[in-house]
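Single-structure report; data block below.
Numbering (the working numbering), first residue to last: 191 to 435.
Listed below in structure tokens is the structure:
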């Protein structure tokens, strides 16, 4: 029996500590997926750092959000990292549909045996053009996305290579931006498909001390930001073409 949109239940693995950004991220995933907020249940790892790898088994899919301060390379400081990796490895093994953003992308790479690197300077921040590989041509999410589409990207950690179980769908000159686990309904994005220009402006203004070198740097980034419609449609395509398709 085919599922209906109204019957879908998704688990959002959330790595946000501040109350405002928690609410905003949940609302953004709901708005751009086309699901009602109550269809997306939140597991926040700051509240619940211990959870089984099977925690998403009874859901139709797993969303993974970004992080404001957490670092995948510091599991001692952020003890939930290892549990997140175990969950994502389990999802890859069982074929659970996954849509993972930013911090989620980095968790996936590590969970599947890859390497994440770190940049202190000249890291990606703002909206930037995302380039597509030939793998995108028959990909359910990217087959009708234009090459060079703009997306929101703010990150210090990145992947230069992928585990053998993954294929590259999209990239920039600095790093890999989209992976798919081969043969599985499992995608991860270094950019933020759930974040639009307005939300980028709000977040960077709030976290400017963490990501920018002062008001002048922030102004340059924000003045160059553009709308990101093709990126923002990816969550809905995942729901319609993968979960309901």
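The beta carbon of each residue, even a glycine, is placed where N, CA and C say it ideally should be.
No experiment lies behind these values; they were computed from the predicted model shown.
- Excluding its 5 nearest sequence neighbours in each direction, residue 291 has C-beta neighbours in its own chain below 7 Å: 254, 255, 256, 379, 382, 383 and 384, listed in chain order.
- One thing to note: residue 277 has its Cβ no nearer than 8 Å to the Cβ of residue 229.
- As summarised for the region 224–310, the continuous alpha helix (DSSP H) elements at least 4 residues long and confined to that stretch are 270–284 and 293–301, given in chain order.
- Nearest Cα to residue 341 within the set 429, 424, 213 and 433: 424.
- The residues 320, 322, 367 and 368, in chain order, have a CB closer than 6 Å to that of residue 360 in the same chain once the five nearest residues on each side in sequence are set aside.
- The region 325–374 is shown to contain whole beta strand (DSSP E) runs of 3 or more residues at 339–344, 356–361 and 366–371, in chain order.
- Ranking 329, 333 and 252 by CA distance to the CA of residue 295 puts 252 first.
- Counting along the chain, residue 319 sits inside the beta strand (DSSP E) bounded by residues 315–322.
- If you draw a straight line from the Cα of residue 195 to the Cα of residue 350, it comes to about 36 Å.
- In this structure, the alpha-carbon of residue 203 lies about 12 Å from that of residue 243.
- Residue 306 is a Cβ neighbour of residue 262, given a cutoff of 8 Å.
- Check the Cα spacing between residue 344 and each of 411, 223, 334 and 205: the tightest is with 411.
- Spanning the alpha carbons of residue 409 and residue 415 requires a straight line of approximately 10 Å.
- DSSP, reduced to helix, strand and coil, places residue 379 within a strand of the structure shown.
- Residue 408 sits in a helix when the DSSP states are folded into three classes.
- Going by DSSP, residue 425 is part of the alpha helix (DSSP H) stretching over 424–427.
- A buried status is given to residue 273, since no fewer than 16 other beta-carbon atoms sit within 10 Å of its beta-carbon.
- In the displayed model, residue 201 falls within a strand according to three-state DSSP.
- The beta carbon of residue 372 is closer than 7 Å to those of 355, 356 and 357 in its chain, skipping five residues each way along the sequence.
- For residue 208, the three-state secondary structure derived from DSSP is coil.
- Taking 8 Å as the cut-off, the beta carbon of residue 248 is found no closer than this to the beta carbon of residue 433.
- For residue 205 and residue 233, the gap between their C-alpha atoms comes out near 9 Å.
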